[in-house]
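Visitor:
Residue numbers (the working numbering): 99 to 282.
(1) Any idea which residues DSSP pairs residue 183 with across the strands?
(2) May I ask which residues mark the beginning and end of the beta strand (DSSP E) holding residue 165?
(3) Any contact between the stretch 227-239 and the stretch 143-153? By contact I mean 3 or more CB pairs, one from each, below 8 Å.
(4) Would you say residue 138 and residue 247 are within 8 Å of each other, going by their C-beta atoms?
(5) Between residue 211 and residue 180, which are expected to be in contact by the criterion C-beta below 8 Å, what is the C-beta distance as a whole number of angstroms?
(6) Leaving out five residues before and five after residue 251 in sequence, what residues of the same chain have Cβ atoms less than 6 Å from its Cβ?
(7) Is it true that the CB of residue 257 sits closer than 8 Å to the CB of residue 278?
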């Protein structure tokens with residue numbers, strides 16, 4: 099084997115390896131994992147995103163909000179996870195969403211799509227979109243069976259940046275989601 103052929107083979111193999119590790123515009127080596135055992139979830143997010151968690155229950159420990167932000171100046175793209183301690187079923191959450199839809203119908207600048215039932219990692223869930231003149235948001239509400247936790251997962255980006263790369267990123271994040279069993 100000539101030296102040039104070996105170098106070319108190594109170069110092609112390197113390109114092949116790099117090309118097969120790219121997922122959704124981000125290298126799989128550039129992802130970080132966030133885990134919260136108390137709130138029983140685990141998710142991957144792009145490494146360069148900034149993570150914040152906020153107790154939104156005024157210290158009672160009843161609800162929390164996590165934001166994963168791609169650009170801190172624009173606050174986009176955004177993954178937001180709200181976790182609420184609740185005994186509500188998915189049917190009660192659906193009623194609340196239908197009430198929200200009626201509210202948005204009175205605001206012509208927002209387009210609140212129909213709520214659709216779906217499964218999210220084996221749990222009953224609701225999916226819907228909210229679009230206004232600048233932003234688009236894909237949301238999921240999940241009430242985990244036999245637990246007192248409900249999750250709302252939102253993906254938000256500007257309409258101009260809502261493209262195939264962003265859709266792939268959403269799929270990667272959704273695919274990485276795990277509901278954890280609480281360890282006592």
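For every residue, glycine included, the Cβ atom is placed at its ideal position computed from N, Cα and C.
Guide: Inspection of the coordinates gives the following:
(1) Position 85 of the chain shown, counted from the first residue, corresponds to residue 183. Note: residue 183 sits in a beta bridge opposite 247.
(2) Within the chain shown, residue 165 is the residue found at index 67, counting from 1. From DSSP, the beta strand (DSSP E) with residue 165 extends over 161-167.
(3) no
(4) Translated into the one-based positions of the chain shown, residue 138 becomes position 40. Translated into the one-based positions of the chain shown, residue 247 becomes position 149. Cβ distance < 8 Å, so residue 138 and residue 247 count as in contact.
(5) By one-based count along the chain shown, residue 211 stands at place 113. By one-based count along the chain shown, residue 180 stands at place 82. Not really, about 19 Å apart at Cβ, beyond 8 Å.
(6) Counting from 1 along the chain shown, the entry for residue 251 is found at position 153. Same-chain partners within the cutoff: 179, 238.
(7) The residue given as residue 278 occupies position 180 in the chain shown. The residue given as residue 257 occupies position 159 in the chain shown. Not a contact, by the Cβ cut-off of 8 Å.
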